[in-house]
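Numbering (full-length UniProt numbering), first residue to last: 1 to 302.
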C-alpha cells in the first residue's frame, strides 16, 4: 500500500476523530473524507452567523479544523481533548512520534496522540481523548504546544489567566471571575484560540525568512557595515536599528540600504513586527560587532 500524503493523512485522522466520537467506525473514515472535502466548499450553514465564523472558516481552509460527518461544525458544542490535540498537531505540523502507553494499539486516536507526545503537547496532561475541555485544560495544551516558540507562561497565573492576559482566550462573562478556569471551551471558542496560534506560527516563519535575508545582506569591510533591510510586504514593518556608544540611534526600514562606520556603533537590532496585530515576528540582536553573530530575542510569554 502506498503511503498517503501528509496533508491527506492528517485530514483522514481528523475526520476519523469526528466519526468515532459520533458513533461511527474507523472504516468510514475514507468515505467521510470525501464528504468532508465537499462540506468545506458548502455554505457556512450552522456557523454563518456565529461570532467565530471567520476563525472557523480560516481553520477549515487551512486544514486544522474539520466539520462533523453531517457537514456541520457545531460551534456551540464543547471541544474534546482529541479534537483540540489534533488541531494543535496539525498547526505544529508534527510528523515524528513517541509512544503513548495510555492508548492501546489500534486505538483510533493513537497516531495523533503519539505525534502530540513527541511535540511535548501532552506534558502533565492526563490522556482522555473524549474528555470535554475546560478553559484551564485547553490553556495548558496551548502553552505546552507553544513552549518552543514563546517559552514558559507566567508562573504567577493559572494557565487560564496567563492565556487571557496574553490575549488568546476570552475572559469569563461579565459578573464572573475574569480568570474562571472551569468554564467549557466551545468549538467556536477553540477556533478563535487556534487561529491565534496558526497566525503566530505563520508570522514567525515569515519573520525568520526576512531575518535570514537581512543577515545574508550584511557585509563588514574597511571598518564599515553595509546591508539592506528586506522589502517585505504590507504584512510587516521591518527595521534595522543601530545603537551608538552615546546611546544614539540610526534606523532603517523596509527596502532601505545602509553603509555605516563601525567606529561609534555599539550594537544592531533587527525586528519584524506584524502590521495586523503588532506582534513580533522576529527580533534579533547583533551585540558583538564587527562579528556578525546574532541572537534571537523574540518576545516570550513571560
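Just so it is clear, CB atoms sit at the ideal spot from N, CA and C, and this is done for glycine as well.
Among the options, the one whose alpha carbon lies nearest that of residue i
{"i": "residue 302", "options": "249, 149, 209", "result": "149"}
{"i": "residue 73", "options": "126, 188, 154, 285", "result": "188"}
{"i": "residue 70", "options": "216, 220, 45, 234", "result": "45"}
{"i": "residue 323", "options": "240, 250, 300", "result": "Absent from the model: residue 323. The displayed extent of the chain is 1 to 302, so no value can be given."}
{"i": "residue 291", "options": "219, 253, 86", "result": "219"}
{"i": "residue 124", "options": "253, 144, 64", "result": "144"}
{"i": "residue 127", "options": "154, 153, 99", "result": "99"}
{"i": "residue 115", "options": "104, 164, 92, 175", "result": "92"}
{"i": "residue 267", "options": "280, 256, 253, 293", "result": "293"}
{"i": "residue 269", "options": "211, 236, 279", "result": "211"}
{"i": "residue 86", "options": "102, 63, 105, 104", "result": "63"}
{"i": "residue 242", "options": "232, 255, 261, 181", "result": "261"}
{"i": "residue 223", "options": "174, 59, 264, 60", "result": "264"}
{"i": "residue 60", "options": "198, 202, 299, 251", "result": "198"}
{"i": "residue 184", "options": "226, 131, 232", "result": "131"}
{"i": "residue 82", "options": "97, 67, 56, 110", "result": "110"}
{"i": "residue 255", "options": "248, 176, 284, 238", "result": "238"}
{"i": "residue 300", "options": "175, 166, 89, 227", "result": "166"}
{"i": "residue 137", "options": "181, 174, 108, 94", "result": "181"}
{"i": "residue 101", "options": "94, 122, 95", "result": "122"}
{"i": "residue 146", "options": "202, 156, 56, 295", "result": "202"}
First through last residue of the alpha helix (DSSP H) which encompasses residue i
{"i": "residue 266", "result": "From DSSP, residue 266 is part of no alpha helix (DSSP H) but of the beta strand (DSSP E) over 265–274."}
{"i": "residue 302", "result": "Careful: residue 302 lies outside any alpha helix (DSSP H) and carries neither H nor E."}
{"i": "residue 209", "result": "187–217"}
{"i": "residue 82", "result": "81–92"}
{"i": "residue 164", "result": "159–166"}
Simplified DSSP assignment, three categories, for residue i
{"i": "residue 113", "result": "helix"}
{"i": "residue 223", "result": "coil"}
{"i": "residue 143", "result": "helix"}
{"i": "residue 61", "result": "helix"}
{"i": "residue 152", "result": "coil"}
{"i": "residue 121", "result": "coil"}
{"i": "residue 29", "result": "For residue 29, the pLDDT reaches just 37, beneath the cut-off of 50, and the residue's location in the model is therefore unreliable, although a value from the coordinates is still provided. Helix at residue 29."}
{"i": "residue 170", "result": "coil"}
{"i": "residue 231", "result": "coil"}
{"i": "residue 67", "result": "coil"}
{"i": "residue 135", "result": "helix"}
Burial state of residue i (16 or more Cβ within 10 Å)
{"i": "residue 54", "result": "exposed"}
{"i": "residue 275", "result": "exposed"}
{"i": "residue 151", "result": "exposed"}
{"i": "residue 234", "result": "exposed"}
{"i": "residue 135", "result": "buried"}
{"i": "residue 257", "result": "exposed"}
{"i": "residue 205", "result": "exposed"}
{"i": "residue 79", "result": "buried"}
{"i": "residue 253", "result": "exposed"}
{"i": "residue 230", "result": "buried"}
{"i": "residue 52", "result": "buried"}
{"i": "residue 200", "result": "buried"}
{"i": "residue 232", "result": "buried"}
{"i": "residue 298", "result": "buried"}
{"i": "residue 129", "result": "buried"}
{"i": "residue 6", "result": "The pLDDT assigned to residue 6 is 42, lower than 50, so where the model puts this residue is not dependable, and the model offers no usable value."}
{"i": "residue 288", "result": "exposed"}
{"i": "residue 207", "result": "buried"}
{"i": "residue 295", "result": "exposed"}
{"i": "residue 192", "result": "buried"}
Host beta strand (DSSP E) of residue i (start-end)
{"i": "residue 47", "result": "Where residue 47 is concerned, there is no enclosing beta strand (DSSP E), given that its DSSP letter is neither H nor E."}
{"i": "residue 237", "result": "236–244"}
{"i": "residue 248", "result": "Segment: none, residue 248 is in no beta strand (DSSP E) and carries neither H nor E."}
{"i": "residue 260", "result": "257–261"}
{"i": "residue 281", "result": "280–286"}
Residue i at chain B interface by Cβ criterion, 8 Å
{"i": "residue 226", "result": "Structure shown: chain B not included; a single protein chain is present."}
The ligand SAH heavy atom lying under 7 Å from the CB of residue i
{"i": "residue 216", "result": "Only the bare structure without any ligand can be found here, which leaves the ligand SAH out of the picture."}
Rounded distance between the beta-carbons of residue j and residue i, thought under 8 Å
{"i": "residue 190", "j": "residue 160", "result": "That pair is no contact at about 14 Å."}
{"i": "residue 194", "j": "residue 76", "result": "About 17 Å; that fails the 8 Å criterion."}
{"i": "residue 163", "j": "residue 84", "result": "The pair is not a contact, with the Cβ atoms about 13 Å apart (cut-off 8 Å)."}
{"i": "residue 214", "j": "residue 281", "result": "The Cβ separation is near 13 Å, so there is no contact."}
{"i": "residue 97", "j": "residue 118", "result": "5 Å"}
{"i": "residue 112", "j": "residue 89", "result": "6 Å"}
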